Amino acid sequence: MTTTSIPEHLQIAFIGGGNMASAILGGLVRQGMAPARIRVVEPFAETRARLQQEFGVQVLEAADASLGQADVVVWAVKPQQFEEATRPVAPHTGKALHLSVAAGIPASALARWLGTERLVRAMPNTPALVGQGMTGLFAGAGASADDRAVIDALLAPTGQRMWLEQEALIDSLMAISGSGPAYVFYFIEALVRGGVELGLTAEQSKILAAQTFAGAAALVQGSSDAPEVLRQRVTSKGGTTHEAIVIMQQHGVEQAIVAAMHACAARGRELAEQFGG
Ligand SMILES: NC(=O)c1ccc[n+]([C@@H]2O[C@H](COP(=O)([O-])OP(=O)(O)OC[C@H]3O[C@@H](n4cnc5c(N)ncnc54)[C@H](OP(=O)(O)O)[C@@H]3O)[C@@H](O)[C@H]2O)c1
Numbered sequence: 420m421t422t423t424s425i426p427e428h429l430q431i432a433f434i435g436g437g438n439m440a441s442a443i444l445g446g447l448v449r450q451g452m453a454p455a456r457i458r459v460v461e462p463f464a465e466t467r468a469r470l471q472q473e474f475g476v477q478v479l480e481a482a483d484a485s486l487g488q489a490d491v492v493v494w495a496v497k498p499q500q501f502e503e504a505t506r507p508v509a510p511h512t513g514k515a516l517h518l519s520v521a522a523g524i525p526a527s528a529l530a531r532w533l534g535t536e537r538l539v540r541a542m543p544n545t546p547a548l549v550g551q552g553m554t555g556l557f558a559g560a561g562a563s564a565d566d567r568a569v570i571d572a573l574l575a576p577t578g579q580r581m582w583l584e585q586e587a588l589i590d591s592l593m594a595i596s597g598s599g600p601a602y603v604f605y606f607i608e609a610l611v612r613g614g615v616e617l618g619l620t621a622e623q624s625k626i627l628a629a630q631t632f633a634g635a636a637a638l639v640q641g642s643s644d645a646p647e648v649l650r651q652r653v654t655s656k657g658g659t660t661h662e663a664i665v666i667m668q669q670h671g672v673e674q675a676i677v678a679a680m681h682a683c684a685a686r687g688r689e690l691a692e693q694f695g696g
């Protein structure tokens, strides 16, 4: 999808100008959206200066009535700061479409704080910072099909999107793609450690491990075969890969990963309860 489905005169306000906001607005500006159509509320002066210099967007130290011009408001503040951040903004943005990328804040809390159900809750992941993200999306009751299309277009530069029809599945998705980059880093750390033990340098091991992840993932994405079939194809009995997989199975690696995902999703549900979901 391209930004062609972003209405031509659409104005966007970002609340919070950190990593996620930079990933989204940077993508939009690079795809040709006029920076003058983007406002960012960001309390930290250094971050404001960087956003202005790097992307040419309008920056505000605090919310003001100009936010009333925004058709879309993107919420990219930490969950703990969220409710407080809504107070000076919500009075101006009752008619806007809202997009929240904050982890663990349920649509019901967003609707309460923002005074509207015209909202979309997103669960992005860090590869969004390099345009390779995977974002899960859930639309609030007041978001139309056109609103969804706008959100899809806004997030397109950050990577792929998946819409979920049940909000509870956001926690399930978080257990794969939201927190998953950390699992992959953990796996890469282990591969680097093993590589060093086997005589390679840490740098060589990192290059080998990262490219192996990227390449294997590309095979999964490009093939109609199940991952299990792809694995079996490269695991001949008595061969080297077979030796490795047998050890992983003996150590319960698969069970550990599944148990970790259950814990991750449960923590997501707990956080949502804290925010009154
Ligand atoms: N990074 C990721 O990959 C990722 C993945 C999934 C979900 N998320 C979610 O995305 C959200 C943002 O994460 P992030 O990594 O972009 O965080 P971040 O880099 O810390 O950005 C948050 C920004 O919001 C600013 N801010 C704080 N209070 C504010 C207020 N009242 N009004 C306006 N701006 C305010 C902060 O300014 P100060 O620095 O001055 O505090 C900071 O620049 C979080 O809720 C996180 O759960 C992030």
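Residues in the sequence shown are numbered from 420 upward in steps of one, following this note's numbering.
Beta carbons are placed, not taken as given, at the ideal position from N, Cα and C, and that holds for glycine.
Note that the structure is predicted; figures quoted are calculated from it, not measured.
Only buried fits Q430, as 16 or more other CB atoms lie within 10 angstroms of its CB. Cβ-Cβ distances below 6 Å link R540 to S519, A526 and F557 in the same chain, with the five nearest sequence neighbours on each side left out; the list follows chain order. Residues Q430 of the same chain have their beta carbon placed closer than 6 Å to that of Q488, with the five preceding and five following residues left out of the count.
DSSP, reduced to helix, strand and coil, places A481 outside both helices and strands of the structure shown, so it counts as coil.
In the displayed model, F463 falls within coil according to three-state DSSP, outside both helix and strand. In this structure, A432 has its CB at a distance of at least 8 Å from all heavy atoms of ligand 1.
H428 counts as exposed, since fewer than 16 other C-beta atoms from the protein chains shown sit within 10 angstroms of its C-beta. Remark: C-beta atoms of V460 and V478 approach each other more closely than 9 Å. DSSP, reduced to helix, strand and coil, places T545 within a helical segment of the structure shown.
DSSP links M581 through a beta bridge to G555. Under DSSP, S519 forms a beta bridge with W494 and R540.
Straight through space, the alpha carbons of Q579 and G641 are spaced by roughly 15 Å. Residue side-chain check: E503 places its Cβ nearer than 8 Å to a non-hydrogen atom of ligand 1. A distance criterion of 8 Å places the beta-carbon of M439 in contact range of ligand 1, judged by its closest non-hydrogen atom. Residue pairing by DSSP places R458 opposite A432 and Q477 in a beta bridge. Here G446 is buried: its Cβ has 16 or more other Cβ atoms, across all protein chains shown, within 10 Å.
Shown here, A504 sits in a helix according to DSSP, grouped into three states.
For D566, the enclosing alpha helix (DSSP H) starts and ends at A564 to L574.
When C-beta atoms of the region 452-467 are compared with those of the region 432-442, three or more pairs fall below 8 Å, so the two segments count as touching.
In this structure, R537 and G561 form a Cβ contact; the two beta carbons are roughly 4 Å apart against a cut-off of 8 Å.
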